[in-house]
Amino acid sequence: MAGFNGNNNEEPVANINVTPLVDVMLVLLIIFMITAPMLQQGVQVNLPKASAAPLAGKGEQLVLSIDKKGVIYLGEGNKIPFSQLKFKLQAIMKKRPANQRKLYIKADQELHYGLVIKVIAQAYQAGITSIGLVSMPENEESTAKKVTSKKRRK
Numbered sequence: 403m404a405g406f407n408g409n410n411n412e413e414p415v416a417n418i419n420v421t422p423l424v425d426v427m428l429v430l431l432i433i434f435m436i437t438a439p440m441l442q443q444g445v446q447v448n449l450p451k452a453s454a455a456p457l458a459g460k461g462e463q464l465v466l467s468i469d470k471k472g473v474i475y476l477g478e479g480n481k482i483p484f485s486q487l488k489f490k491l492q493a494i495m496k497k498r499p500a501n502q503r504k505l506y507i508k509a510d511q512e513l514h515y516g517l518v519i520k521v522i523a524q525a526y527q528a529g530i531t532s533i534g535l536v537s538m539p540e541n542e543e544s545t546a547k548k549v550t551s552k553k554r555r556k
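Quick note on numbering: the sequence shown equals residues 403 to 556 in our numbering.
Laid out in structure tokens, this is it:
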């Protein structure tokens with residue numbers, strides 16, 4: 403009978419076939435490796451160029467994006483009106499220790515300077531102690547254009 407060895411002890415054979423499990427895990431690993439970089443996309447913003455080296459950051463980063471139309475996004479695409487910005491930031495900052503009250507602003511380079519200043523003022527009023535402005539390195543401009551053009555073709 404299948405599942406039993408030829409002895410008269412009639413003990414079932416307890417071998418686990420791990421080959422299908424390994425196959426499934428490898429497929430899941432490949433899928434994760436392909437999709438993980440896509441999760442960091444966020445809102446499409448045309449960043450200004452800068453020649454300074456990027457800073458190494460630790461911990462969870464709070465990113466506020468402003469597109470060229472002036473629409474404000476908090477985190478990964480959560481659209482919020484300007485009137486609610488201060489209250490949303492205050493709620494987030496209450497949960498963080500004083501040394502981690504940092505905000506990174508990704509503002510489109512075609513955006514009016516005045517709106518960015520108003521957003522910075524709201525952030526300071528909300529209790530943020532450090533604000534960073536995100537820019538694109540000058541040498542990555544051509545790379546960013548290639549990535550954007552590939553996305554539009556799909």
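We treat Cβ as the ideally placed atom computed from N, Cα and C, and that holds for glycine. Just so we're clear, the structure is a prediction, and the values are computed from it rather than from any experiment.
- Under the three-state reduction of DSSP output, valine 473 falls in the coil class, being neither helix nor strand.
- Taking all protein chains in view, the Cβ of alanine 493 is surrounded by fewer than 16 other Cβ atoms within 10 Å, so the residue is classified as exposed.
- With fewer than 16 other beta carbons inside 10 angstroms of its own, aspartate 425 counts as exposed.
- In terms of Cβ geometry, leucine 466 and isoleucine 507 form a close pair [threshold 7 Å].
- Restricting attention to beta strand (DSSP E) runs no shorter than 3 residues, the stretch 482-550 encloses them at 504-509 and 532-535, ordered along the chain.
- Counting along the chain, no alpha helix (DSSP H) covers isoleucine 418, and no H or E run does either.
- Partner residues in a beta bridge of leucine 423, as assigned by DSSP, do not exist.
- Shortest Cα-Cα distance from glutamate 478 to any of Lys470, Lys504 and Met440 involves Met440.
- At the C-beta level, lysine 488 and alanine 528 come within 7 Å of one another.
- For leucine 428, the secondary structure class from DSSP, reduced to helix, strand or coil, is helix.
- Shown here for valine 536: same chain residues with a beta carbon closer than 7 Å to its own, the five before and five after excluded, namely Leu449, Tyr506, Ile507 and Lys508 in chain order.
- Sequence-distant Cβ neighbours of aspartate 510 in its own chain, meaning closer than 6 Å and more than five residues away, are Val447, Asn448, Asp469 and Lys470.
- Residue nearest to leucine 517 within the set Val420, Ile530 and Phe484 is Phe484 (criterion: CA-CA distance).
- Excluding sequence positions up to five before and after valine 473, its CB lies within less than 8 Å of the CB of Lys481, all in the same chain and listed in chain order.
- DSSP lists Ile474 and Ala509 as the beta-bridge partner residues of isoleucine 468.
- Around the beta carbon of methionine 495, 16 or more other beta carbons lie within 10 angstroms, which makes this residue buried.
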